[in-house]
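Quick note on this note's numbering: the first sequence kicks off at 2 and runs consecutively.
Below: one structure, written as structure tokens.
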Amino acid sequence: MLTNKTEMQRIEERLKDAIIRAAKELWQATIEGSAIQIQKTRREFDGDLTVVVFPLVRIAKCSPEETAALLGAYMEKNLDEISGYNVIKGFLNLGISASYWLQHISAVSGDAQYGIVQPGPDAPVVMVEYSSPNTNKPLHLGHIRNNLLGNSVSRIFEAAGKNVVKVNLVNDRGIHICKSMIAWQLFGNGETPASSGKKGDKLVGDYYVRFDQEYKKQVEALMAAGKDKKEAEESAPIMLGAREMLLKWEADDPEVRKLWETMNGWVYEGFDKTYARMGVSFDKIYYESETYKLGRQLVLKGVDDKVLEKDADGSVWADLTDRKLDRKLLLRSDGTSVYMTQDVGTAHQRFSEYPIEEHIYVVGNEQNYHFQVLSMVIEKLGFDWHDKLYHLSYGMVELPEGKMKSREGKVVDADDLMDEMVATAKQMSDELGKLGDYSEEEKNNIYRQIGLGALKYFILKVDPKKNMLFDPKESIDFNGNTGPFIQYTYARILSVLRSAGAYDQVIPAVSLNEKETDVIRLVHAFPEIVKTAAEEHNPSVIANFMYDLAKAFNQFYHDHSILNVEDADTRLFRIHLSAIVSSVIERGMGLLGIEVPERM
RNA sequence: GGUUCCGUAGCUCAGCUGGAUAGAGCAACAGCCUUCUAAGCUGUAGGUCGAAGGUUCGAAUCCUUCCGGAAUCACCA
Numbered sequence: 002m003l004t005n006k007t008e009m010q011r012i013e014e015r016l017k018d019a020i021i022r023a024a025k026e027l028w029q030a031t032i033e034g035s036a037i038q039i040q041k042t043r044r045e046f047d048g049d050l051t052v053v054v055f056p057l058v059r060i061a062k063c064s065p066e067e068t069a070a071l072l073g074a075y076m077e078k079n080l081d082e083i084s085g086y087n088v089i090k091g092f093l094n095l096g097i098s099a100s101y102w103l104q105h106i107s108a109v110s111g112d113a114q115y116g117i118v119q120p121g122p123d124a125p126v127v128m129v130e131y132s133s134p135n136t137n138k139p140l141h142l143g144h145i146r147n148n149l150l151g152n153s154v155s156r157i158f159e160a161a162g163k164n165v166v167k168v169n170l171v172n173d174r175g176i177h178i179c180k181s182m183i184a185w186q187l188f189g190n191g192e193t194p195a196s197s198g199k200k201g202d203k204l205v206g207d208y209y210v211r212f213d214q215e216y217k218k219q220v221e222a223l224m225a226a227g228k229d230k231k232e233a234e235e236s237a238p239i240m241l242g243a244r245e246m247l248l249k250w251e252a253d254d255p256e257v258r259k260l261w262e263t264m265n266g267w268v269y270e271g272f273d274k275t276y277a278r279m280g281v282s283f284d285k286i287y288y289e290s291e292t293y294k295l296g297r298q299l300v301l302k303g304v305d306d307k308v309l310e311k312d313a314d315g316s317v318w319a320d321l322t323d324r325k326l327d328r329k330l331l332l333r334s335d336g337t338s339v340y341m342t343q344d345v346g347t348a349h350q351r352f353s354e355y356p357i358e359e360h361i362y363v364v365g366n367e368q369n370y371h372f373q374v375l376s377m378v379i380e381k382l383g384f385d386w387h388d389k390l391y392h393l394s395y396g397m398v399e400l401p402e403g404k405m406k407s408r409e410g411k412v413v414d415a416d417d418l419m420d421e422m423v424a425t426a427k428q429m430s431d432e433l434g435k436l437g438d439y440s441e442e443e444k445n446n447i448y449r450q451i452g453l454g455a456l457k458y459f460i461l462k463v464d465p466k467k468n469m470l471f472d473p474k475e476s477i478d479f480n481g482n483t484g485p486f487i488q489y490t491y492a493r494i495l496s497v498l499r500s501a502g503a504y505d506q507v508i509p510a511v512s513l514n515e516k517e518t519d520v521i522r523l524v525h526a527f528p529e530i531v532k533t534a535a536e537e538h539n540p541s542v543i544a545n546f547m548y549d550l551a552k553a554f555n556q557f558y559h560d561h562s563i564l565n566v567e568d569a570d571t572r573l574f575r576i577h578l579s580a581i582v583s584s585v586i587e588r589g590m591g592l593l594g595i596e597v598p599e600r601m
């Protein structure tokens with residue numbers, strides 16, 4: 002597909018170029034494009050785009066009104082795309098000609114890649130690490146936010162022309178999984194997912210909870226027997242069992258390793274189902290059991306190079322006091338690694354394996370400090386890619402009663418939530434009864450699309466860095482600013498297109514009404530929106546745009562008939578406009594990982 | 001206590017690289033289906049943008065201080 006730069010060059014850029022020329026001709030001044038402010042004209046004024054002329058007043062040496070008037074006259078005379086202008090205070094409102102809009106629509110029509118930059122084979126690699134679950138418990142609402150963000154950001158970067166590599170670093174080792182293992186050994190009676198019919202991750206999660214209950218009981222008993230709290234916590238038999246198991250794991254004890262593999266296997270089977278349902282996937286999965294030793298050599302070399310410090314007890318530290326931070330431990334006195342060390346190692350490995358332009362970590366904001374330090378440590382070690390790490394930090398999902406606590410079972414389970422969403426979608430769909438002649442299978446697929454669409458949109462429309470509230474009692478809406486609203490707009494358009502039958506592919510020249518122009522303006526903005534979403538690492542930019550587009554289309558749809566109009570050209574034009582909107586919706590929702598149904 | 005982030009309508013959120021009278025949705029109230037899907041559209045009501053200073057022709061937006069909330073500051077991950 003041709004990307005014809007002059008053809009497709011954003012109208013805003015052309016205006017800027019014209020203003021730069023105008024400044025030269027009218028005022029013999031050279032100005033920077035960045036000094037020019039162009040914005041959408043507010044609804045209450047006439048025009049499409051507005052130039053804020055205040056910054057130009059100084060070089061024009063006349064009042065804002067005069068400056069705007071001079072510039073407006075110049076623009077109208079020299080740019081075909083400008084159909085007229087008006088000046089209100091220091092604002093120059095420019096009207097964009099219908100022919101420009103029509104020409105844009107024609108260029109875009111039928112372009113299944115509109116708004117998307119195809120990554121070339123040598124496009125830079127953007128690595129996105131997300132999900133990164135622990136293997137001791139099922140996924141919950143917090144993980145859903147992580148996965149949806151990671152998946153969507155990956156798609157957005159692909160659409161922005163990058164080669165994206167999605168990776169998952171599974172935390173499959175450590176004391177947490179040993180806790181589930183010891184509890185299973187003690188109380189499991191050989192239960193397996195096959196024997197009890199329980200999903201693997203749920204089964205293992207149940208034993209993690211069981212461990213905690215048992216542990217608390219033992220601590221209480223020990224305290225009742227006269228031990229102080231700390232002592233009791235240290236000596237609870239079940240905790241000692243877990244610790245012993247961890248040591249055996251590290252010593253490659255065959256029996257422990259076998260149990261570990263078995264139970265992790267159950268968890269992965271469960272996770273795979275949840276991932277598949279959420280619609281997320283990975284190009285590569287790393288396991289901490291295979292990577293946790295990475296980084297140690299790099300740290301030891303850092304000691305040799307005198308950029309890191311070794312204390313008398315043998316522990317290794319990065320001194321960050323000159324960066325207004327503390328000292329950070331990298332190797333314990335027994336020589337073992339901490340999380341930070343491993344992250345240094347995995348990053349180093351990845352940067353050696355791929356020509357990475359940017360490495361995005363989708364991790365909650367509780368680890369802001371960790372990633373701040375990570376990049377500093379890497380810089381200390383002398384790697385120039387320390388500034389290519391981007392922590393996509395997102396806020397917590399809070400329940401009305403506060404933070405979720407998985408050990409206490411106070412969580413919104415990912416599978417349960419998806420079930421509920423789909424069930425609600427089914428209930429609503431059945432009440433509306435629009436799917437009468439569909440098979441059960443087709444219907445179920447649509448319920449799934451709508452339910453998950455509602456959930457995904459609900460989460461992705463919020464700015465990632467903000468904490469968000471989820472109230473399980475007030476189920477997620479299907480009306481208003483929601484995923485189903487946008488899906489509905491799409492389904493409606495497809496319904497119209499089905500009725501339209503075959504139509505001419507050439508878009509006729511017609512005059513445009515206000516609602517049509519509103520819609521075209523938004524379609525025109527789509528590529529810029531994708532770019533902004535990528536720059537900001539922010540899917541909510543796409544989500545909010547999708548809503549604006551759907552809303553504008555619905556207004557147009559309400560006010561004007563598409564198929565039942567006298568004028569054949571108008572009818573044809575509206576069919577094309579509708580088709581373009583449907584395809585932008587499909588693509589934009591795709592960037593959010595949301596499917597769109599053909600009927601609903 | 002140090003650092004970082006957040007505070008916009010009753011609720012959930014946009015707007016934040018400074019620009020015109022601060023926008024949506026939900027909830028409330030009032031309308032619109034003999035015409036392409038009413039999961040839609042229209043209207044009413046709802047705000048000292050946490051507070052106070054400052055910079056500016058202009059501040060929800062930038063700076064400072066304060067108030068409120070969150071996260072973090074482990075030889076945990």
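The C-beta atom is built at its ideal place from N, Cα and C for all residues, glycine as well.
Counting C-beta pairs closer than 8 Å gives three or more between the region 21-31 and the region 59-79, which meets the contact rule.
For Ser353, the enclosing alpha helix (DSSP H) has its first and last residue at Tyr340 to Glu354. For Gln40, there is no enclosing alpha helix (DSSP H); the enclosing beta strand (DSSP E) has its first and last residue at Gln38 to Lys41. In the DSSP assignment, Tyr491 falls within the unbroken alpha helix (DSSP H) covering Gly484 to Ala501. Taking each of Asp519, Ile357 and Ala226 in turn and checking the Cα distance to Val129, the smallest one comes out for Ile357. Following the DSSP letters along the chain, one finds Asn94 inside the beta strand (DSSP E) bounded by residues Phe92 to Ile97.
Using a Cβ distance threshold of 9 Å, Asn265 and Thr347 do not count as a contacting pair. The three-state reading of DSSP puts Lys406 in strand, counting E and B together. Shown here, Ile239 sits in a helix according to DSSP, grouped into three states.
The alpha-carbon separation between Thr483 and Gly589 amounts to approximately 14 Å.
Judged by DSSP secondary structure, Trp318 falls outside any alpha helix (DSSP H) and instead within the beta strand (DSSP E) spanning Val317 to Asp320. Under a 10 Å Cβ-count criterion, Lys163 is classified as buried, with 16 or more other Cβ atoms of the shown protein chains found around its own Cβ. Taking one beta carbon from each stretch, the region 508-521 and the region 589-601 have fewer than 3 pairs nearer than 8 Å; the two do not touch. DSSP links Arg174 through a beta bridge to no other residue. Of the residues Gly73, Gln104 and Tyr276, the one whose Cα lies closest to the Cα of Ile89 is Gly73. The alpha-carbon of Met224 is positioned some 38 Å away from that of Tyr269. By the criterion of a C-beta distance shorter than 6 Å, Tyr208 is surrounded in its chain by Ser181, Ala184 and Trp185, once the five residues flanking it on both sides are discounted. A residue is called buried once 16 or more other Cβ atoms fall within 10 Å of its Cβ, and Thr263, having fewer, is exposed.
By the Cβ-count criterion, Thr571 is buried, with 16 or more other Cβ atoms from all chains shown falling within 10 Å of its own Cβ. Closest in alpha carbon position to Glu587, among Gly91, Val364, Gln104 and Ala492, is Ala492.
Taking C-alpha positions only, Ala551 is separated from Pro401 by approximately 31 Å. 9 Å or more divides the Cβ of Tyr288 from the Cβ of Leu453.
When the alpha-carbon of Lys200 is set against those of Gln214, Glu380 and Phe272, the nearest one is in Phe272.
Counting along the chain, the unbroken alpha helix (DSSP H) around Ile543 starts and ends at Pro540 to Asp560. By the neighbour-count definition (other C-beta atoms within 10 Å, threshold 16), Tyr370 is an exposed residue.
When the five nearest sequence neighbours on each side are left out, the beta carbons in the same chain lying within less than 8 Å of the beta carbon of Leu592 are those of Ser153, Arg156, Ile157, Ala160, Val531, Ala534, Pro540 and Ile543, in order along the chain.
Around the Cβ of Gly34, a 10 Å sphere holds fewer than 16 other Cβ atoms; the residue is exposed.
When DSSP states are grouped into helix, strand and coil, Asp464 belongs to the coil group. Sequence-distant partners of Val339 (beyond 5 residues in either direction) whose C-beta falls short of 8 Å from its own C-beta, in its chain, are Leu330, Leu331, Leu332 and Arg333. In this structure, Val363 and Leu150 form a Cβ contact; the two beta carbons are roughly 5 Å apart against a cut-off of 8 Å.
By the neighbour-count definition (other C-beta atoms within 10 Å, threshold 16), Phe471 is a buried residue. When DSSP reads this structure, Tyr395 sits in a beta bridge with Gly365. For the pair Ala252 and Ile460, the Cα-to-Cα distance works out to about 43 Å. Within the same chain, and ignoring the five residues on either side of Ile361 in sequence, the residues whose Cβ sits closer than 6 Å to its Cβ are Val129, Tyr391 and Leu393.
Sequence-distant Cβ neighbours of Lys466 in its own chain, meaning closer than 8 Å and more than five residues away, are Asn366, Ser394, Tyr395 and Gly396. Annotation for Ala24: Ala30 and Ile32 place their beta carbon closer than 6 Å to its own, counting only its chain and skipping 5 residues before and after.
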